[in-house]
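K.L.:
Note that the working numbering has the sequence shown beginning at 1018, numbered continuously upward.
All residues carry an ideal CB built from backbone N, CA and C; glycine is no exception.
All figures in this text were calculated on a predicted structure; none of them were measured in a lab.
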Amino acid sequence: MSEDKMKVEVEQVIEALRDVYDPEIPVNVYDLGLIYDLQVSDENNVSILMTLTAPGCGMGPYIAQNAEWRIAEVDGVNDVQVEMTFDPPWNPDMVTPEGKILLGID
1018 MSEDKMKVEV
1028 EQVIEALRDV
1038 YDPEIPVNVY
1048 DLGLIYDLQV
1058 SDENNVSILM
1068 TLTAPGCGMG
1078 PYIAQNAEWR
1088 IAEVDGVNDV
1098 QVEMTFDPPW
1108 NPDMVTPEGK
1118 ILLGID
């Protein structure tokens, strides 16, 4: 990484992911608990392992593409890789406290 290029922080990527939504649910993918792993390399390459609320969700490619595009907008990001998995299956216990407030659940 060149000296004039800042290191991308995980929190910057999380904030970007908070702008990505499943069109059927009014909570962003991060607070919905769909992000299983998030890595930022020393070269500012971002890799995401994520899931969907249901394996048959037809919006999966749309959601993954939006996540990739939004992360790519973060200053300093060099490359973005988004991988989908359904292991383990998503469940409501994965929703963050902020997401639970937005969904109106405890």
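Nearest-angstrom Cα distance between Val1044 and Asn1062?
P.N.:
26 Å
K.L.:
For Ala1089, collect the residues of the same chain with a Cβ closer than 8 Å to its Cβ; drop the 5 residues on either side in sequence, then sort them by chain order.
P.N.:
Cβ neighbours of Ala1089 beyond the five flanking positions: Val1097.
K.L.:
Does Met1018 pass the burial test, meaning 16 or more other C-beta atoms within 10 Å, or should it be called exposed?
P.N.:
Unreliable placement is indicated for Met1018, whose pLDDT of 48 sits below 50; no coordinate value is reported for it.
K.L.:
Would you tell me roughly how many angstroms separate the C-alpha atoms of Gly1073 and Thr1102, rounded to the nearest one?
P.N.:
12 Å
K.L.:
Using a threshold of 8 Å, state whether the C-beta atoms of Asp1054 and Leu1069 are closer than that.
P.N.:
no
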